[in-house]
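These notes concern the structure reproduced below.
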Amino acid sequence: MIRFYDTMAREKREFVPGDPERITLYVCGPTVYNRAHIGNARPAIVFDTLARLLRHVYGADSVVHAANVTDIEDKIMAAAAAENVPIDVITERYSRFYFEDLAALGVPRPDVVPLATQTIPEMIAMIERLIAAGHAYAAEGHVLFDVPSWPDYGKLSRRPMDEMIAGARVDVAPYKRSPADFVLWKPSSADQPGWDSPWGRGRPGWHIECSAMIEAHLGETVDIHGGGLDLEFPHHENEVAQSSCSHGGAPLARYWLHNGMVAMASAKMSKSLGNVVRINELLDEGHKGEVLRLALLSAQYRQPLEWSDSLVAQSKATLDRLYRAAGDATAAGVDQGVVDALSDDLNTPLALARLGAIEDSGVLRSSAALLGLLGQEADAWFRGGADDEFADIDAKVAERVEAKARRDFATADRIRDELKADGILLEDGPGGTTWRRS
Ligand SMILES: [Zn+2]
């Protein structure tokens with residue numbers, strides 16, 4: 071039995087999918103205008119691990135995992151203006167970086183990755199339905215969701231209305247009927263990106279994109295909606311309002327899962343831009359993606375996680391130990407204790423403790439795969455490179471041996487120098503050429 075803590079119910083509930091052959095998981099994705107930081111990686115890794123558990127329990131083809139990319143937003147427009155380029159130069163660059171960074175952490179691209187700019191007609195159609203149903207109104211080129219029109223507003227985040235109104239007052243505007251009303255559509259000036267709509271040329275508010283994408287790709291109600299705790303209000307509260315009101319009251323999600331935030335343990339870890347450490351910086355410093363992944367899974371996902379140098383060092387030591395135990399064994403059956411730990415609201419600390427106690431190396435390897443760990447051969451792990459890099463170096467060494475055999479010493483020396491520049495030293499001995507890291 072799988073149980074998840076459901077934010078809407080404020081308790082752990084047995085997981086019962088609507089259709090066990092098509093379990094739908096939606097996770098709010100990034101707004102792509104800069105490099106992702108370690109806090110952005112946490113939901114991606116948590117919900118990837120959750121998808122791995124569901125695929126193990128329900129079957130490999132039973133899960134549809136969708137995560138959006140927000141590729142139209144004011145911060146993107148500001149970044150594009152700063153570089154004097156169209157917004158798609160910014161969004162293509164940073165979404166490519168985002169998926170590269172996550173791939174290094176063992177997170178594959180989700181099954182469905184909708185882009186906001188490719189979902190505009192669906193958003194407009196949903197806004198039109200909300201207006202027709204009396205839950206939204208147009209004013210001065212904007213369309214706003216009419217919060218007082220829906221008495222259930224606030225049920226997810228359980229905030230009192232006066233607090234929500236106080237929070238919304240920062241962007242109080244004359245066209246709003248109530249200060250809590252939020253933007254579904256806003257006008258674009260001639261020099262801003264925009265799309266034609268019944269309310270004039272403009273662009274969507276942020277919240278409507280997730281509601282429209284979920285409807286378009288997964289249906290009215292998803293099994294699991296995930297995201298960071300910082301999105302619970304207002305973003306998820308607004309998603310619930312938009313979706314339920316355009317679907318005759320149908321719930322948006324059967325289970326709401328929120329991951330806790332990542333905090334930096336010391337000011338030293340916080341680099342240039344406030345309280346952030348970027349994934350690519352950590353990788354460039356030589357930390358392996360799998361170490362960062364284990365570090366982010368070391369706390370149960372709902373708990374806050376304190377990021378520190380010692381957490382990273384401990385995670386490296388844990389992985390070294392696990393790789394030594396796994397050796398070059400091939401995957402065997404999965405340990406039920408690991409499955410049980412993950413099935414209890416994704417208790418990754420318990421699952422990791424359990425991994426450390428598994429004595430069969432094949433079972434260890436396949437059980438670790440449920441957490442996206444031990445993906446390499448132990449040999450490759452201890453030689454310091456990823457499998458691809460390892461193969462790449464071996465190919466260059468072989469190329470140099472061939473060059474020497476045909477007495478092409480210029481090529482042989484060039485290859486040796488290229489490898490040296492990458493920190494790889496070659497040693498020619500009686501048994502052939504070996505390499506090591508300098
Ligand atoms: Zn969302």
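Using our numbering, you'd call the opening residue of the sequence shown number 71 and step up by one each time. Every residue gets a Cβ at the ideal spot worked out from N, C-alpha and C, and that includes glycine.
Kindly indicate which three-state DSSP category residue i falls into: helix, strand or coil?
i: residue 197; result: helix
i: residue 350; result: helix
i: residue 286; result: helix
i: residue 307; result: helix
i: residue 79; result: coil
i: residue 376; result: strand
i: residue 518; result: Examination of residue 518 is not possible in this model, given that the chain is present from 71 through 508 alone.
i: residue 91; result: coil
i: residue 393; result: helix
i: residue 277; result: helix
i: residue 418; result: helix
i: residue 242; result: coil
i: residue 382; result: helix
Could you give the residue range of the alpha helix (DSSP H) that holds residue i?
i: residue 72; result: Premise fails: residue 72 is in no alpha helix (DSSP H) and is neither H nor E.
i: residue 113; result: 108-128
i: residue 261; result: It is not in any alpha helix (DSSP H) - residue 261 carries neither H nor E in the DSSP assignment.
i: residue 451; result: 448-453
i: residue 479; result: 479-491
i: residue 363; result: 359-367
i: residue 410; result: 406-413
Residues in its own chain within less than 6 angstroms of residue i by CB, not counting five upstream and five downstream?
i: residue 321; result: 291
i: residue 117; result: 97 and 296
i: residue 378; result: 335
i: residue 307; result: 226 and 227
i: residue 313; result: 281 and 322
i: residue 132; result: 91 and 93
i: residue 208; result: 269
Spatial neighbours of residue i within its chain, please: C-beta separation below 7 angstroms, excluding the five flanking residues on both sides.
i: residue 161; result: 102, 141 and 146
i: residue 374; result: 330, 331 and 333
i: residue 113; result: 97, 296, 297, 298 and 329
i: residue 431; result: 395, 396, 397 and 399
Starting from residue i, trace the beta strand (DSSP E) both ways and give me its first and last residue.
i: residue 334; result: 332-334
i: residue 428; result: Where residue 428 is concerned, there is no enclosing beta strand (DSSP E), given that its DSSP letter is neither H nor E.
i: residue 504; result: 502-507
i: residue 498; result: 494-499
i: residue 209; result: 206-209
i: residue 169; result: Taken as a continuous stretch (DSSP letters only), residue 169 belongs to no beta strand (DSSP E), being part of the alpha helix (DSSP H) at 157-174.
i: residue 272; result: 272-274
i: residue 152; result: Element bounds for residue 152: not the beta strand (DSSP E) but the alpha helix (DSSP H), 144-153.
Exposed or buried, residue i, counting other C-beta atoms within 10 Å across all chains shown (16 or more means buried)?
i: residue 71; result: exposed
i: residue 370; result: buried
i: residue 452; result: exposed
i: residue 231; result: exposed
i: residue 77; result: buried
i: residue 495; result: exposed
i: residue 221; result: exposed
i: residue 419; result: exposed
i: residue 82; result: exposed
i: residue 309; result: buried
Could you name the residues of the same chain whose beta carbon sits closer than 8 angstroms to that of residue i, not counting the 5 residues immediately before and after it, in chain order?
i: residue 466; result: 485, 488 and 489
i: residue 433; result: 402, 403, 404 and 405
i: residue 129; result: 91
i: residue 288; result: 94, 96, 134, 136 and 182
Is the shortest distance between the beta-carbon of residue i and the beta-carbons of chain D less than 8 angstroms?
i: residue 139; result: Annotation note: the requested chain D is absent from the structure, which comprises a single protein chain.
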